[in-house]
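Colleague: Dropping the structure in here first, questions after.
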Amino acid sequence: MSTRTEVNISSPTPPDLPRQSIGQRLQGLGGNARQYGIFGALIVIVLLFQVLTDGKLLLANNVAALFQQNAYVMILAIGMVMVIVAGHIDLSVGSVVAFVGGVVAVSMRDFDLSWPVAVLLGIAIGGVVGAWQGFWVAYVGIPAFIVTLAGMLVFRGLALVVVGETVAGLPSSFIAISKGSLPNVLGFASNMDVVTLLIGALAVAAIVISQLRARASLRKHDLHVEAAGLFVAKLALIAVGIGILTVILSFSAGGTPIVLVVVGVLVVAYSFLMGRTVFGRHIYAIGGNRLAAGLSGVNTRRVDFWIFVNMGLLAGVAAIVTTARAGAAIAAAGQNFELDAIAACFIGGAAVTGGIGRISGAIIGALIMGVLNMGLSIMSVDPAWQMAIKGLVLLLAVAFDLLNKRRAGTQ
Amino acid sequence: MVERTRTPLLTMRGITKRYKAVEALVDVNFEVHAHEVVALVGDNGAGKSTLAKVVAGVVVPDSGLVEIDGEPVSIPSPKAAQRLGVATVFQDLALCDNLDVTANLFLGREMRNAGVMQDGRMENIARSVLRDLSSRIPSVRTPLSHLSAGQRQSVAIARTLLGSPRIVVLDEPTAALSVAHTAEVLTHIERLREMGLGVILISHNMNDVRAVSDRIEVLRHGRNNGSFDAQRSSYEEIIGAITGAWQMAPASRASAPADREAAGR
Ligand SMILES: Nc1ncnc2c1ncn2[C@@H]1O[C@H](COP(=O)(O)OP(=O)(O)OP(=O)(O)O)[C@@H](O)[C@H]1O
Ligand SMILES: [Mg+2]
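Those protein sequence lines, which keep their order, are chains X and Z. At position 275 of the first sequence the residue is numbered 407 (this note's numbering), and the sequence of numbers has no breaks. At position 106 of the second sequence the residue is numbered 110 (this note's numbering), and the sequence of numbers has no breaks.
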């Protein structure tokens, strides 16, 4: 320890600056290395399948389809990572998707609701379902595993009741939510959709500005910042990555898929919620040490309740995306969605024990699964083998993470 | 010594708490005045932490009366205790390993502006509070899992400096600390007294207790077993009360089975 022996606490000692920055550096590296690792894995998998599929993976229409096919996983993974960080699990989301999808479809076909009203109704019902499950978890104290296992059966049953088998004949404007793209109102610049290019440019600008501001704030509080060169390289890499994605998408049949905008907005909003608001802080606290959070005055029950309400709302959004994509409500829809979402979270670095996990990680996890799906499909690998391969990827991703952690000696 | 106000800051009367067959607290009376450090001592399992948890709103007693400033209060939750001006350092510290130092200090009372946490402001305050305790914490952004036992204890104690409490409960705050750091914490306790707070200090270390407290209350098998003036009573007297060699007036011990004497050495 220190050599200082003074015991007079009223003589303030300046903080030990050099040592502070070393500690910060190690810690910063640890935190970021994990995040970079997941991101690196995504890049490697993309490049691998780009080669294996003879360049078909990154064809413009395939990239657009990648987002359209996997939007539901990303939406569910956002809610699921919050559930998992708090130390819970939700097995019911697939059934809830089928149930809410059924209600939305029936409300439009049989009750002539306009599609925007039906969409709001669907999200609201998702919220009510979440409140129902949150009540049992938070206020009765039944483990979420049990409550949502029951929910999985209950809402699958209700989906069958509401839907029968299928409810088809949905309005085309509703179907466009999943199949449509933003209108290319700005025309084309040498075959590239200008709207898409604009969105890409705005996204890059927003990321650069927010990173610069974060860095300035670290500076202001005398905290360690990464070396300027590394920082610029990181920003350049992000800009190039988004740039390539944007250009590819702008060549696709429709330009920017609407669901990509939906997912983008949700990612930004929920990253903010988890990182900058008291609610997010309390979710991490509960996952880290539920007892301590309670003793510190965190209303753990209320937080648990709202986590499940939120999961329900997002399941409602996923239900709309799924139903619109299928063009019909199907009683069997959403099968295994809970497993996709949970896998995305764990591949994305969430801890099984709770307390650790990020929205961005879960999204990257979902993309890894999505790229695997698409790549293997393009290579026309048997779906049975696809499933087995995805299972192994999940196992290896978590094992790799764990080994890394042990070697770093943080646990 | 500072003159005591007539109404105690905290009064507890006839506090009883049972866990099934275990009598954690039986008819316990307890008082703390402003400008006073009261030590709460007793053998392992005597009920000290349970009494601390009653004050902290973690344990609701089966019966008994709690008054703050002479006003009867109920403390049903830690949040309620916070609102009544009670700050507690729990024996098991109650910290979140996955959060950093600042987040732990402000847990449950985050500063916010229009719903957004004011991270910069909280970090600045965290830094100055930790500097006051001259704690050797590398940085306010270090996750708790990276800290030593003593550093974690500093964070827990620093929490009592936030939110300007009136009553501070410290359940074995120096258990993991070096000699020098223990001295710092004791000085900190004395400063809390000077500021006019009431301090409850739970400790097994008689030297610490006698160094800093005004009054020593002994608990034994969940019952009051003597109250001592810290300056005038001898070490042997207090140890006697803790181990049961010294007993309080028989009337108040009537319900204690005789075989407890043997069990408590
Ligand atoms: N949650 C609980 N459930 C059941 N029994 C409990 C609980 N909490 C405390 N007890 C019992 O109450 C008694 C008093 O415990 P308490 O923690 O208050 O002792 P203590 O004086 O703080 O001991 P120590 O010096 O070891 O910290 C013990 O017999 C203990 O077993
Ligand atoms: Mg104790």
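From the three backbone atoms N, C-alpha and C, an ideal C-beta is built for every residue, glycine too.
My assumption, with CB atoms under 8 Å, is that A461 of chain X sits in contact with V299 of chain X. Please give the rounded CB distance.
Modeller: As a first step, residue 461 of chain X must be located in the first sequence, where it is residue number 329. As a first step, residue 299 of chain X must be located in the first sequence, where it is residue number 167. The pair is a contact, with the Cβ atoms about 4 Å apart (cut-off 8 Å).
Colleague: Nearest by alpha-carbon distance to L216 of chain X: which of X:G502, X:L499, X:M519, X:G487 is it?
Modeller: Residue mapping note: residue 216 of chain X aligns to position 84 of the first sequence, counting from 1. Per the sequence shown, the amino acid found at residue 216 of chain X is Ile instead of Leu. Checking every option, the nearest Cα to that of I216 of chain X belongs to X:G487.
Colleague: Could you name the residues of the stretch 60 to 87 of chain Z whose beta carbon sits closer than 7 Å to any beta carbon of chain X, in the order they occur along the chain?
Modeller: Cβ contacts with chain X come from V62, P82, K83, Q86.
Colleague: Shortest alpha-carbon distance to T11 of chain Z belongs to which of Z:K24, Z:G230, Z:I72?
Modeller: What you label residue 11 of chain Z is simply residue 7 of the second sequence in a count that begins at 1. That would be Z:I72, whose Cα lies nearest to the Cα of T11 of chain Z.
Colleague: Cβ-heavy atom distance between K52 of chain Z and ligand 1 below 6 Å?
Modeller: Residue numbering aside, residue 52 of chain Z sits at position 48 when the second sequence is read from its first letter. Within the cutoff, so yes.
Colleague: Considering only C-alpha positions, which residue in the set X:I331, X:S224, X:V236, X:A230 is nearest to I278 of chain X?
Modeller: For this step, residue 278 of chain X is matched to residue 146 along the first sequence. I278 of chain X has its Cα closest to that of X:S224, out of X:I331, X:S224, X:V236, X:A230.
Colleague: Establish whether the CB of E198 of chain Z and some CB of chain X are separated by less than 7 Å.
Modeller: Here residue 198 of chain Z corresponds to residue number 194 of the second sequence, with the count starting at 1. Cβ-Cβ to chain X under 7 Å: no for E198 of chain Z.
Colleague: Our contact map puts G202 of chain Z next to L14 of chain Z with C-beta atoms below 8 Å; I'd like the distance itself, whole angstroms only.
Modeller: Along the second sequence, one-based indexing puts residue 202 of chain Z at 198. Along the second sequence, one-based indexing puts residue 14 of chain Z at 10. Indeed they touch by this definition, with Cβ atoms about 6 Å apart.
Colleague: Can the beta-carbon of A463 of chain X be found less than 7 Å from the beta-carbon of V295 of chain X?
Modeller: Within the first sequence, numbered from 1, the residue matching residue 463 of chain X stands at position 331. Within the first sequence, numbered from 1, the residue matching residue 295 of chain X stands at position 163. For A463 of chain X and V295 of chain X, yes; Cβs fall inside 7 Å.
Colleague: Check the Cβ-Cβ distances between I274 of chain X and every residue of chain Z, and say whether any is below 7 Å.
Modeller: Counted from its first residue, the first sequence places residue 274 of chain X at position 142. It does not: the Cβ of I274 of chain X has no partner Cβ on chain Z nearer than 7 Å.
Colleague: By the criterion of Cβ-Cβ separation under 7 Å, what are the contact partners of N316 of chain X in chain Z?
Modeller: Reading the first sequence from its first residue, position 184 is the one you call residue 316 of chain X. Here the premise fails: no neighbours, minimum Cβ distance about 36 Å.
Colleague: On the three-state DSSP scale, how would you describe D123 of chain Z?
Modeller: Mapped onto the second sequence, residue 123 of chain Z falls at position 119. Here D123 of chain Z sits in helix by DSSP.
Colleague: CB of Q122 of chain Z to nearest heavy atom of ligand 2: below 6 Å?
Modeller: Start at 1 with the first residue of the second sequence, and residue 122 of chain Z comes out as number 118. Result no, Cβ not under 6 Å from ligand 2.
Colleague: Can you name the start and end residues of the alpha helix (DSSP H) that R345 of chain X belongs to?
Modeller: Taking the first sequence and counting its residues from 1, the one referred to as residue 345 of chain X is at position 213. Per DSSP, R345 of chain X belongs to the alpha helix (DSSP H) from 326 to 352.
Colleague: Checking contacts by CB at 7 Å: is L181 of chain Z closer than that to chain X?
Modeller: Taking the first residue of the second sequence as 1, we reach residue 181 of chain Z at position 177. False, the Cβ-Cβ gap to chain X never drops below 7 Å.
Colleague: Does any residue of chain X bring its CB to less than 7 Å from the CB of G112 of chain Z?
Modeller: Here the question's residue 112 of chain Z lines up with position 108 in the second sequence. Yes, contact with chain X.
Colleague: Where does the unbroken beta strand (DSSP E) through R22 of chain Z begin, and where does it stop?
Modeller: Within the second sequence, residue 22 of chain Z is the residue found at index 18, counting from 1. Residues 14 to 23.
Colleague: Would you give the residue range spanned by the beta strand (DSSP E) that L205 of chain Z belongs to?
Modeller: Here the question's residue 205 of chain Z lines up with position 201 in the second sequence. 202 to 206 is the span of the beta strand (DSSP E), which, as asked, contains L205 of chain Z.
Colleague: Using the beta-carbon of each residue, which ones in chain Z are nearer than 7 Å to R408 of chain X?
Modeller: Position 276 of the first sequence holds residue 408 of chain X. Within 7 Å Cβ-Cβ: V120, M121.
Colleague: What are the boundary residues of the beta strand (DSSP E) that S67 of chain Z is part of?
Modeller: Numbered from 1 along the second sequence, position 63 holds the residue referred to as residue 67 of chain Z. That run of the beta strand (DSSP E) goes 67 to 72.
Colleague: Would you say the beta carbon of G49 of chain Z comes nearer than 6 Å to a heavy atom of ligand 1?
Modeller: Counting from 1 along the second sequence, the entry for residue 49 of chain Z is found at position 45. Indeed, a heavy atom of ligand 1 lies less than 6 Å from the Cβ.
Colleague: Taking the runs of the alpha helix (DSSP H) that are 4 residues or longer, which of them lie wholly in the stretch 374 to 435 of chain X?
Modeller: Fully enclosed alpha helix (DSSP H) runs of 4 or longer: 390 to 408, 410 to 420, 422 to 427.
Colleague: Shorter than 7 Å from the beta carbon of D175 of chain Z to some beta carbon of chain X?
Modeller: As a position in the second sequence, residue 175 of chain Z is number 171, starting the count at 1. Judged by the 7 Å Cβ criterion, D175 of chain Z is not in contact with chain X.
Colleague: Can you name the residues of chain X whose CB is closer than 7 Å to the CB of L103 of chain Z?
Modeller: The residue you call residue 103 of chain Z lines up with position 99 of the second sequence. Within 7 Å Cβ-Cβ: Y416, A417, G420.
Colleague: Can you tell which of X:K366, X:V228, X:G396, X:Y271 has the C-alpha that lies nearest to the C-alpha of I331 of chain X?
Modeller: In the first sequence, counting from the first residue as 1, residue 331 of chain X sits at position 199. Of the candidates X:K366, X:V228, X:G396, X:Y271, the one whose C-alpha sits nearest the C-alpha of I331 of chain X is X:G396.
Colleague: Output yes if chain X places a C-beta closer than 7 Å to the C-beta of L13 of chain Z; else output no.
Modeller: Position 9 of the second sequence, counted from the start, is the residue given in the question as residue 13 of chain Z. Output row for L13 of chain Z: interface = no.
Colleague: Determine the DSSP secondary structure at T92 of chain Z, reduced to helix, strand or coil.
Modeller: As a position in the second sequence, residue 92 of chain Z is number 88, starting the count at 1. Three-state DSSP puts T92 of chain Z in a strand.
Colleague: Which complete beta strand (DSSP E) runs does the stretch 443 to 498 of chain X hold, if anything under 3 residues is left out?
Modeller: DSSP runs (the beta strand (DSSP E)) wholly in the stretch 443 to 498 of chain X: none.
Colleague: Pick from X:Q201, X:F404, X:G361: whose alpha carbon is nearest that of T500 of chain X?
Modeller: Taking the first residue of the first sequence as 1, we reach residue 500 of chain X at position 368. The sequence shown places Ile at residue 500 of chain X, not Thr. Here the closest residue by C-alpha is X:Q201.
Colleague: Name the two residues that bound the continuous beta strand (DSSP E) containing I243 of chain Z.
Modeller: Taking the first residue of the second sequence as position 1, residue 243 of chain Z is located at position 239. Segment 239 to 247 is the alpha helix (DSSP H) holding I243 of chain Z; no beta strand (DSSP E) there.
Colleague: Using a beta-carbon distance cut-off of less than 8 Å, what residues from the stretch 476 to 505 of chain X approach chain Z?
Modeller: Cβ contacts with chain Z come from G487, I488.
Colleague: With distances taken between CB atoms, is the gap from S259 of chain X to V441 of chain X smaller than 7 Å?
Modeller: Taking the first sequence and counting its residues from 1, one reaches residue 259 of chain X at position 127. Taking the first sequence and counting its residues from 1, one reaches residue 441 of chain X at position 309. Contrary to the premise, residue 259 of chain X reads as Gly rather than Ser in this sequence. A contact, by the Cβ cut-off of 7 Å.
Colleague: What does the alpha-carbon distance come out to for the pair L344 of chain X and A333 of chain X?
Modeller: Indexing the first sequence from 1 puts residue 344 of chain X at position 212. Indexing the first sequence from 1 puts residue 333 of chain X at position 201. When rounded, the distance between both Cα atoms is 16 Å.
Colleague: Indicate, with yes or no, if ligand 1 has a heavy atom lying under 6 Å from the CB of Y271 of chain X.
Modeller: Here residue 271 of chain X corresponds to residue number 139 of the first sequence, with the count starting at 1. Result no, Cβ not under 6 Å from ligand 1.
Colleague: Taking only beta carbons into account, state which residues of the stretch 18 to 51 of chain Z come closer than 7 Å to chain X, listed in chain order.
Modeller: So nothing in the stretch comes that close.
Colleague: Can you tell me which of the three DSSP states V42 of chain Z falls into?
Modeller: The sequence position of residue 42 of chain Z within the second sequence is 38, counting from 1. The answer is strand: DSSP assigns V42 of chain Z an E or B state.
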